[in-house]
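Below you can see the structure in the form of structure tokens.
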């Protein structure tokens with residue numbers, strides 16, 4: 001059975017858990033209460049992320065430099081303060097990531113909403129909320145746009161991090177995959 005230890009003892013012993021007999025309600029070293037983060041769900045507001053198209057500086061001759069833009073770096077710093085104020089803690093993997101954009105001033109209705117996922121995930125990684133943004137960690141993504149409530153409302157953005165949920169694909173069994181030859185053969189038969 002795995003017993004979790006408190007952050008103070010974890011920093012001292014530099015390990016996440018000890019294999020001991022016990023219920024895991026109190027740290028076996030100092031006796032302070034602890035809890036597991038396995039089923040935690042966090043919902044918090046973040047500043048409106050920049051578009052993924054504006055994450056990197058453009059060169060004069062075209063193309064992209066590998067250096068982040070000043071707009072993106074300022075947003076990551078601002079995100080760090082928003083996370084600190086709301087006491088957001090690191091989320092254990094695997095993660096279901098949900099991003100909700102609520103329309104208003106500062107958001108164009110023609111904006112490409114899926115370009116906001118990449119900067120948000122990268123910002124959460126840089127601020128050490130997520131261990132990474134690979135599919136080994138982020139198992140599901142959800143993107144929602146909500147219309148503005150009034151003409152004076154400002155655009156807002158919310159994130160929810162939680163354990164992945166069961167989907168239709170978990171129980172669905174796909175049929176045989178058509179190979180290139182088989183698909184071409186079927187196409188030729190249909191032309192006759």
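Numbering (UniProt numbering), first residue to last: 1 to 192. No residue lacks a Cβ here, since even glycine has one placed at the ideal position from N, Cα and C.
Residue 211 to residue 175 span [Cα, whole Å]:
Nothing can be reported for residue 211, as the shown portion of the chain is limited to 1 through 192.
Grab me the residues of residue 54's own chain with a C-beta within less than 8 angstroms of its C-beta, minus the 5 sequence neighbours each way, in chain order.
On the chain shown, residue 54 is found 54 positions in, with the first residue counted as 1. Closer than 8 angstroms at the Cβ level, and outside the excluded window around residue 54, lie 69, 71 and 72.
Please report the straight-line C-alpha distance between residue 95 and residue 188, rounded to a whole angstrom.
By 1-based counting over the chain shown, the position of residue 95 is 95. By 1-based counting over the chain shown, the position of residue 188 is 188. Rounded to the nearest angstrom, the two C-alpha atoms are 45 angstroms apart.
CB-CB under 6 angstroms to residue 43, same chain, minus the five flanking residues each way: which ones, in chain order?
Your numbering for residue 43 matches position 43 in the chain shown. Answer for residue 43: 160, listed in chain order.
Taking Cβ positions, are residue 133 and residue 125 nearer each other than 8 angstroms?
Taking the first residue of the chain shown as 1, we reach residue 133 at position 133. Taking the first residue of the chain shown as 1, we reach residue 125 at position 125. The Cβ-Cβ distance between residue 133 and residue 125 falls below 8 angstroms.
Which residues in the same chain as residue 116 place their Cβ atom closer than 6 angstroms to its Cβ, once the five residues preceding and following it in sequence are excluded?
If you number the chain shown from 1, residue 116 lands on position 116. For residue 116, the CB contacts under 6 angstroms within the same chain, skipping 5 residues up- and downstream, are 49 in chain order.
Rounded to whole angstroms, what is the Cα-Cα separation between residue 88 and residue 129?
In the chain shown, counting from the first residue as 1, residue 88 sits at position 88. In the chain shown, counting from the first residue as 1, residue 129 sits at position 129. One C-alpha to the other measures close to 8 angstroms.
I'd like to know whether the C-beta atoms of residue 155 and residue 104 end up nearer to each other than 8 angstroms.
Here residue 155 refers to the residue found at position 155 of the chain shown. Here residue 104 refers to the residue found at position 104 of the chain shown. Contact check for residue 155 against residue 104 passes: the beta carbons are separated by less than 8 angstroms.
Quick check on residue 68: does DSSP put it in helix, strand or coil?
Position 68 of the chain shown, counted from the start, is the residue given in the question as residue 68. Reduced to three states, the DSSP call for residue 68 is strand.
Classification of residue 85 by the beta-carbon crowding that lies within 10 angstroms, buried from 16 upward:
Within the chain shown, numbered from 1, the residue matching residue 85 stands at position 85. Flag for residue 85 reads exposed.
Please identify the residue among 147, 169, 146 and 77 whose C-alpha is closest to the C-alpha of residue 140.
In the chain shown, counting from the first residue as 1, residue 140 sits at position 140. Relative to residue 140, the option among 147, 169, 146 and 77 whose CA is nearest is 169.
Same chain, Cβ closer than 8 angstroms to residue 153, five either side skipped, listed in chain order:
Along the chain shown, one-based indexing puts residue 153 at 153. Cβ neighbours of residue 153 within its own chain (closer than 8 angstroms, five residues either side excluded): 102, 103, 104 and 105.
What is the DSSP secondary structure of residue 91, reduced to helix, strand or coil?
To locate residue 91, count along the chain shown from 1; it is residue 91. Residue state for residue 91 is assigned as coil, using DSSP reduced to three classes.
Tell me the residue span of the beta strand (DSSP E) that contains residue 144.
Start at 1 with the first residue of the chain shown, and residue 144 comes out as number 144. Run containing residue 144: 138–146, per the beta strand (DSSP E) assignment.
Beta-bridge partners of residue 98, as assigned by DSSP
For the purposes of this step, residue 98 is identified with residue 98 of the chain shown, where counting begins at 1. DSSP lists 142 and 160 as partners of residue 98.
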